[in-house]
Each structure stands twice: as C-alpha cells, then as structure tokens.
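The sequence shown lines up with residues 5 to 75 when you count with my numbering. Reading through the structure tokens given below for one structure.
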Amino acid sequence: MVMNEFLKLFGQRLAAVRKERGWSQEQLALESGVARSYPSGIERGQRNISLIKICRLAETLGVKPSVLLEF
5 MVMNEFLKLF GQRLAAVRKE RGWSQEQLAL ESGVARSYPS GIERGQRNIS LIKICRLAET
65 LGVKPSVLLE F
C-alpha cells in the first residue's frame with residue numbers, strides 16, 4: 005500500500021469510531037486538546053499523525069490505540 009492509502013484508511017477508521025460515539029469533529033478536538041481543524045485533516049487522510057496523537061485520540065474516545073488501526 006502507498007502511504008496515502010494508510011492515512012486515508014486511518015482517517016476513515018477514526019471517523020467511524022468518533023461517529024459511533026455520536027461525537028462531532030469539534031467535540032473530539034476539544035476533548036483531546038487538539039486544534040479544531042486537526043480531526044478533519046486526519047479524517048481526510050491529509051495528516052500523518054504521531055503515535056502520541058494516536059494514543060491521545062484513542063484515550064479520548066475510550067478505546068485502545070489498536071482499535072484505530074483496525075482497517
């Protein structure tokens with residue numbers, strides 16, 4: 005797979021988990037302490053985020069980081 009494909013798949017998975025909880029991108033940003041536009045960029049596959057951010061988002065959503073990597 006090409007790197008961009010991984011980013012898109014990760015973004016789609018993050019969006020799915022976020023929506024399962026009924027959260028908006030803005031709520032996820034506020035709860036996790038990232039900029040409001042950050043989740044949008046991730047979900048569109050435009051950001052290559054760090055492991056630390058993956059762990060922070062997972063913790064905020066109440067899931068293990070590995071759940072966000074199930075794609």
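Even for Gly, the Cβ is constructed at its ideal location relative to N, Cα and C.
Rank L11, N8, L13 and L18 by C-alpha distance to the C-alpha of P69 and give the top, closest one.
The residue labelled residue 69 in the question sits at position 65 within the sequence shown. Taking only the C-alpha atoms, the option nearest P69 is L18.
Can you tell me where the alpha helix (DSSP H) holding F60 begins and where it ends?
Residue 60 sits at position 56 when you count from the first residue of the sequence shown. First, the residue type needs correcting, since residue 60 is Arg and not Phe in the sequence shown. R60 -> alpha helix (DSSP H) spans L55 to L65.
Under 8 angstroms by Cβ, that's how I've got L34 and P43 pegged, so tell me the actual separation to the nearest angstrom.
Indexing the sequence shown from 1 puts residue 34 at position 30. Indexing the sequence shown from 1 puts residue 43 at position 39. The pair is not a contact, with the Cβ atoms about 10 angstroms apart (cut-off 8 angstroms).
Give the DSSP-derived three-state secondary structure of S28 in the structure shown.
Along the sequence shown, read from residue 1 onward, the residue named residue 28 stands at position 24. S28 falls in the coil class under three-state DSSP.
Are L61 and S36 closer than 7 angstroms when you measure CB to CB?
Taking the sequence shown and counting its residues from 1, one reaches residue 61 at position 57. Taking the sequence shown and counting its residues from 1, one reaches residue 36 at position 32. One thing to note: L61 has its Cβ within 7 angstroms of the Cβ of S36.
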